[in-house]
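Read in order, the letters of the sequence shown are residues 627 to 836 in the numbering used here.
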Amino acid sequence: MKTVVIISGSGSNLQALIDRAPELGIEITGVISNRADAFGLQRAQRANIPTALVDHKEFETRESFDAALSETIDGMQAELIILAGFMRILTAEFTRRYEGRMLNIHPSLLPKYRGLNTHQRALDADDKWHGATVHFVTAELDSGANIIRAPIEISSLDNAETLAARIHGTEHQIYPLAVRWFAEGRLKLQQGSACLDGTPLPAEGYQYHD
Ligand code: GRF
């Protein structure tokens, strides 16, 4: 399945997909970044994957940036669009265009802690559990149907950096899994719910454990 990955930074989730693409049933036809210095662009180039820069600073409005992004995605013949550490808010029009075939990964147990600084917020709230969520993208930020949620237990030794590192490790397991399900035609967005093999997943998503 032709897949485009959109990033803003390091791209370790992108790397997890590059490393396993054949086994997952995807061909990454392009990687798009809104930042020229995103290390993920180098990861893509190393793997001989075409890259594109759509720099948000060159656009006056969110709408014109999203229109340029759409054009770039469609030029790469994307069937599946993967947001992997992409740090821009998308317009409703853009998200509607790719509804049901655009996924995101977020470093919290959604619906808890949408937005930024999730690790520190979980620590400040004295949460016992934190984690990562793969979900379908809809117009409202970090709010589309959950697909997979991976909980990790917070220890008294954790700080925001250790949590970020532990969660990254888990993300590299659950994002490829969701992508494989999608590429196999097993995962669909139906009436607002993520369905696996024709059955709606629970609202929190499939619970992943190591
Ligand atoms: C991940 O923690 C992801 O959940 C969040 O941004 C981070 C991206 O990391 N959306 P990387 O660029 O894939 O290393």
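Every residue gets a Cβ at the ideal spot worked out from N, C-alpha and C, and that includes glycine.
**Asked** Do G831 and the ligand GRF come close, with the Cβ less than 6 angstroms from some heavy atom?
**Response** no
**Asked** Touching or not, the region 678-685 and the region 716-726, by the rule of three or more beta carbon pairs under 8 angstroms?
**Response** no
**Item:** Alpha-carbon spacing of F808 relative to K814, whole angstroms
**Value:** 7 angstroms
**Prompt:** For P737, does the count of other Cβ atoms within 10 angstroms reach 16, so buried, or fall short, so exposed?
**Reply:** exposed
**Asked** Taking Cβ positions, are A758 and P733 nearer each other than 7 angstroms?
**Response** yes
**Item:** Selection from A804, G831, D768, D663 that minimises the alpha carbon distance to A642
**Value:** A804
**Message:** Using the three-state DSSP reduction, which class does R705 fall into: helix, strand or coil?
**Reply:** Looking at the sequence provided, one finds Glu at residue 705 rather than Arg. Coil.
**Item:** Own chain, CB closer than 7 angstroms to Y739, minus 5 neighbours either side, in chain order
**Value:** R747, A748
**Prompt:** Nearest to D752 by alpha carbon, out of E684, M728, I780, G741?
**Reply:** I780
**Item:** Same chain, Cβ closer than 7 angstroms to S673, five either side skipped, listed in chain order
**Value:** Sequence check: residue 673 is Ala here, not Ser. Same-chain partners within the cutoff: I644.
**Message:** Quick check on I652: buried or exposed, where buried means 16 or more other Cβ atoms within 10 Å of its Cβ?
**Reply:** buried
**Prompt:** Of the choices S638, L716, E797, whose alpha-carbon is the least far from that of H756?
**Reply:** E797
**Close-in-space but distant-in-sequence residues of the same chain around I578 (CB under 7 angstroms, 5 per side omitted)** = As displayed, the chain neither begins before 627 nor continues past 836, which places residue 578 out of reach and without an answer.
**Host alpha helix (DSSP H) of Q746 (start-end)** = 744-750
**Item:** Closest Cα partner of R669 within the set G635, M702, L716, I731
**Value:** G635
**Message:** Measuring only the C-alpha atoms, how far is S690 from A718?
**Reply:** 13 angstroms
**Prompt:** Is DSSP giving I715 helix, strand or coil here?
**Reply:** coil
**Message:** Nearer than 6 angstroms: is that true of the beta carbon of N772 relative to any heavy atom of the ligand GRF?
**Reply:** no
**Request:** Please look up how many angstroms separate the CB atoms of P777 and L735, rounded, as I've assumed it's under 8 angstroms.
**Result:** 6 angstroms
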